[in-house]
Amino acid sequence: MENAMLYALTSLIWGSTWIAITFQLGAVAPEASIAYRFALAALVLGVFVLVRRLPMAYTWRQHGFIALQGAFLFSFNYILVYLAEELLTSGLVAIVFSNIIIMNVLLGALFLGNPIRPRVVVGGLLGVAGLALVFSPELVGFDFSGGRASGLALSFVAVLSASVGNIISARNQRAGLPIVQTNALGMAYGTVLTLVIALLRGVDFSFEASPAYVSSLLYLAVFGSVIAFGSYLTLIGRMGVDRAGYIGVVFPLVALGLSTLFEGLAWNLPGLLGVLLVAAGNVLVLSRRRRVATAPPSLQA
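In case it helps, the working numbering puts the sequence shown at residues 100 to 400.
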C-alpha cells in the first residue's frame, strides 16, 4: 500500500510539473531555470538534514557516486530535455522518454545483474505503444527537417542519461547510501555542473520575478524535485529500476488528464485505445507473478 501511494504521488506530481514547466520557458534560459530549481531543492533538503541531524560524513568514493547520480539525474537529463523541447513538441519528447522503462531493464541487467522480467518488458512495450497512439496526431506527417532530427537525438540521449541516473541511484542504495542525503548532495552537485555548462555555453543568468515564474519554480523545486524524486528513488530501491521506471509512461497521461480538465483537451479513438494499452501495461509491470504452492517432498505422492 505504501508503494502504491508513492507510485501514485510521483505520477501525479510529475504529471502536473508539465504545466509548471510552461511558466519557466521564455525570458529565463532553460539552464538557468534548471540551476535555480535544483539549487533551491538542495537547500530545502539541506535544511531538513540539518534539522534532523542526519549523518553527512561520506568517503571520497561515496561522494564520487553521489556526484555521478547528480550529474546524470539532476543536470544532463534536464538540460537535454529542455533543449529537445525547443525543437520538438512535448508529446514527441514524452514518447521518447517513455522508453526509460526499456533502458532501465537493459542497463539494470548489464550493470546491476538484475533479471530481465518478461512481464515488465511486455508491459513497457505496451506502454510505449499506448503513448504513441495517444500522441499519434503529432506523429502524423513527422519529418526530420528543421532540427527535428537533432531534437530526437537529444531526447534519446536525455532518456539514456535519466536511466543511467536511475541505475546509479539503485547502486548507491545497495551500497547503503540514504536517499535524503544523497539527493541533497546530488542536487547540489548537479546544480554546480549545470552552472558550469551554462557558463561554457554563454548563458545569461537572468531572473523573472513574476508571480507565475516564482510560484512555478517553488512548485518544481519542492514538489517536483524534493518530494517526487524522493518518492521515485525510494520505489527504485523497493521495486527495482525496471518496474519503477513505468512511471515514465504514466505521468504523461496524468498531464493530458489535467489538460483535459483545465484546457478542454479533446480526445479521439486512437487516444482512448492508447490509454487502455498504457493501463494494461501498468497492470503487467506492477503485478507480481504468483507462486504455486507445493507440498513438502515427504508429503508428495
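A virtual CB, placed ideally from N, CA and C, is assigned to each residue, including glycine.
DSSP-derived helix/strand/coil call for Asp-341: Residue 341 sits at position 242 when you count from the first residue of the sequence shown. Here Asp-341 carries a helix assignment [DSSP, helix/strand/coil].
Could you spell out where the alpha helix (DSSP H) holding Gln-272 opens and where it closes? Counted from its first residue, the sequence shown places residue 272 at position 173. In the DSSP assignment, Gln-272 falls within the alpha helix (DSSP H) that extends over 247-273.
Return the chain-ordered list of same chain residues with a C-beta closer than 7 Å to the C-beta of Glu-184, the five sequence neighbours on each side being excluded. The count along the sequence shown starts at 1 and reaches residue 184 at position 85. Closer than 7 Å at the Cβ level, and outside the excluded window around Glu-184, lie Val-192.
Inter-residue CB distance, Val-233 and Val-382 (contact presumed, cutoff 8 Å): Indexing the sequence shown from 1 puts residue 233 at position 134. Indexing the sequence shown from 1 puts residue 382 at position 283. With a contact defined as Cβ atoms closer than 8 Å, Val-233 and Val-382 miss out at about 17 Å.
Terminal residues of the continuous alpha helix (DSSP H) containing Thr-188? Locating residue 188 in the sequence shown gives position 89, counting from the first residue. Note, Thr-188: premise wrong, no alpha helix (DSSP H); not H, not E.
Does the distance from the CB of Gly-344 to the CB of Ile-199 come in under 8 Å? Numbered from 1 along the sequence shown, position 245 holds the residue referred to as residue 344. Numbered from 1 along the sequence shown, position 100 holds the residue referred to as residue 199. Yes. Within cutoff.
Rounded Cβ spacing between Ser-262 and Met-202 (contact assumed at less than 8 Å): Your numbering for residue 262 matches position 163 in the sequence shown. Your numbering for residue 202 matches position 103 in the sequence shown. Rounded, the Cβ-Cβ distance is 4 Å, consistent with contact.
Quick one: is Val-180 near chain C, going by C-beta distance under 8 Å? This model lacks chain C altogether, as it is built from one protein chain only.
Is Trp-366 helix, strand or coil by DSSP? Within the sequence shown, numbered from 1, the residue matching residue 366 stands at position 267. When DSSP states are grouped into helix, strand and coil, Trp-366 belongs to the coil group.
Looking at C-alpha atoms only, which residue of Ser-174, Ala-311, Pro-129 is the closest neighbour of Ile-118? Indexing the sequence shown from 1 puts residue 118 at position 19. Nearest option by C-alpha distance: Ala-311.
Mind the definition here: the stretch 158-174 touches the stretch 279-292 only if three or more C-beta pairs lie below 8 Å; say whether that holds. Judged by Cβ distances under 8 Å, the stretch 158-174 makes contact with the stretch 279-292, as three or more pairs qualify.
Beta-carbon contacts of Thr-393 that lie in its chain and below 6 Å, excluding the five residues immediately before and after: For the purposes of this step, residue 393 is identified with residue 294 of the sequence shown, where counting begins at 1. With a pLDDT of only 43 at Thr-393, under the threshold of 50, the placement of this residue in the model should not be trusted; the figure read from the coordinates follows. Excluding residues up to 5 positions away in sequence, nothing lies with its Cβ nearer than 6 Å to the Cβ of Thr-393 in the same chain.
Considering only the beta carbon of each residue, do Gly-370 and Val-348 sit closer than 8 Å? Here residue 370 is taken as the residue at index 271 of the sequence shown, counted from 1. Here residue 348 is taken as the residue at index 249 of the sequence shown, counted from 1. It is not a contact, given that the beta carbons lie outside the stated cut-off.
If we count the other Cβ atoms within 10 Å of its Cβ and call it buried at 16 or more, is Thr-158 buried or exposed? Position 59 of the sequence shown, counted from the first residue, corresponds to residue 158. That one is exposed.
Taking just the CA atoms, how far does Arg-247 sit from Asn-367? Working through the sequence shown from its first residue, we reach residue 367 at position 268. Working through the sequence shown from its first residue, we reach residue 247 at position 148. Near 25 Å, if we compare the C-alpha coordinates of Arg-247 and Asn-367.
Let me know the secondary structure DSSP gives Glu-307 once reduced to three states. Walking along the sequence shown from the start, residue 307 turns up at place 208. When DSSP states are grouped into helix, strand and coil, Glu-307 belongs to the coil group.
Classify Gly-250 as buried or exposed, calling it buried when 16 or more other Cβ atoms lie within 10 Å of its own Cβ. Taking the first residue of the sequence shown as 1, we reach residue 250 at position 151. With a threshold of 16 other beta carbon atoms within 10 Å, Gly-250 meets it and is buried.
In or out: Ala-365 buried (at least 16 other Cβ within 10 Å) or exposed? Taking the sequence shown and counting its residues from 1, the one referred to as residue 365 is at position 266. A residue is called buried once 16 or more other Cβ atoms fall within 10 Å of its Cβ, and Ala-365, having fewer, is exposed.
Does DSSP classify Ala-320 as helix, strand or coil? Walking along the sequence shown from the start, residue 320 turns up at place 221. Reduced to three states, the DSSP call for Ala-320 is helix.
Are the beta-carbon atoms of Gly-329 and Asn-282 separated by less than 8 Å? Here residue 329 refers to the residue found at position 230 of the sequence shown. Here residue 282 refers to the residue found at position 183 of the sequence shown. Taking C-beta atoms as the reference points, Gly-329 and Asn-282 count as a pair closer than 8 Å.
What is the residue span of the alpha helix (DSSP H) that Phe-137 lies within? Stepping through the sequence shown from its first residue, residue 137 is reached at position 38. Segment 129-151, the alpha helix (DSSP H) holding Phe-137.
If we count the other Cβ atoms within 10 Å of its Cβ and call it buried at 16 or more, is Ser-115 buried or exposed? If you number the sequence shown from 1, residue 115 lands on position 16. Buried is the label assigned to Ser-115, since at least 16 other Cβ atoms lie within 10 Å of its Cβ.
Under DSSP, the alpha helix (DSSP H) around Gln-123 begins and ends at which residues? Indexing the sequence shown from 1 puts residue 123 at position 24. Taken as a continuous stretch (DSSP letters only), Gln-123 belongs to no alpha helix (DSSP H), as it is neither H nor E.
If distances are taken between C-alpha atoms only, which option among Val-325, Leu-372, Leu-360 comes closest to Thr-109? For the purposes of this step, residue 109 is taken as the residue at position 10 of the sequence shown. Thr-109 has its Cα closest to that of Val-325, out of Val-325, Leu-372, Leu-360.
Return the CA-CA distance between Leu-142 and Gly-264, expressed in angstroms with no decimal places. Within the sequence shown, the letter at position 43 stands for residue 142. Within the sequence shown, the letter at position 165 stands for residue 264. So the two alpha carbons sit approximately 21 Å from each other.
Determine the burial state of Ile-215: buried for a count of at least 16 other Cβ atoms within 10 Å of its Cβ, exposed for fewer. Counting from one through the sequence shown, the residue named residue 215 turns up at place 116. Ile-215 is exposed by the Cβ-count criterion.
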